[in-house]
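Participant:
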Amino acid sequence: MTGPQDHLAVARAALDADRPDVALRLAWQATMPAVLHQDDEALGRAVDFAEEVAARSTGSAREKALQNAAYWAACVTSPRAGQGSAWSFRRWFSRPPRQERIPCPECAESIVKDARVCRFCGHRLD
Ligand SMILES: [Zn+2]
Numbered sequence: 104m105t106g107p108q109d110h111l112a113v114a115r116a117a118l119d120a121d122r123p124d125v126a127l128r129l130a131w132q133a134t135m136p137a138v139l140h141q142d143d144e145a146l147g148r149a150v151d152f153a154e155e156v157a158a159r160s161t162g163s164a165r166e167k168a169l170q171n172a173a174y175w176a177a178c179v180t181s182p183r184a185g186q187g188s189a190w191s192f193r194r195w196f197s198r199p200p201r202q203e204r205i206p207c208p209e210c211a212e213s214i215v216k217d218a219r220v221c222r223f224c225g226h227r228l229d
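One rule links them: number in the working numbering = place in the sequence shown (from 1) + 103.
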């Protein structure tokens, strides 16, 4: 009953019941084995499902659904050899921090804190 074909059945039922947050949580749990075993077919169905959730919801649920879709899609295309899914996890959770920004004293556009020349007006910062 809980074969790979219907690993999203419970999540789909939650979505049909208008509970996108619950649907995403259940889909996440249900897809975890596919992530760990690099089951591309199951991951592909999870991406489709997350996009369906996104299309049918708004606000934070929609954002989370799109994040899930992007994450699972990244798992599909990641190399199978070697570290496998661990590599995907590292890549997803170790994105570089955003560079700190300051307003340019001349034109007030937001520029990188360590910039030496404003890219908008050419003002030199010493
Ligand atoms: Zn400037």
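C-beta: ideal position from N, C-alpha, C; glycine also.
1. Per the DSSP calculation, V215 is bridged to which residue(s)?
2. Quick one: Cα of L139 to Cα of G147, how far?
3. Which value, in whole angstroms, describes the spacing of the CA atoms of H211 and V220?
4. In chain order, what are the residues with a CB under 5 Å from some non-hydrogen atom of ligand 1?
5. Keeping to the same chain, check which residues put their C-beta closer than 6 Å to that of A164; ignore five residues upstream and five downstream.
Facilitator: In terms of the structure at hand:
1. One-based indexing of the sequence shown puts residue 215 at position 112. Answer is R204, bridged to V215.
2. In the sequence shown, counting from the first residue as 1, residue 139 sits at position 36. In the sequence shown, counting from the first residue as 1, residue 147 sits at position 44. Roughly 14 Å between the two C-alpha positions.
3. Here residue 211 refers to the residue found at position 108 when the sequence shown is read from its first residue. Here residue 220 refers to the residue found at position 117 when the sequence shown is read from its first residue. Note that residue 211 is Ala in the sequence shown here, rather than His. Whole-angstrom Cα-Cα distance: 13 Å.
4. Selection output, chain order preserved: C207, E209, C210, C221, F223, C224 and H226.
5. Stepping through the sequence shown from its first residue, residue 164 is reached at position 61. For A164, where only same-chain residues beyond five positions count, the Cβ hits under 6 Å are P123 and D124.
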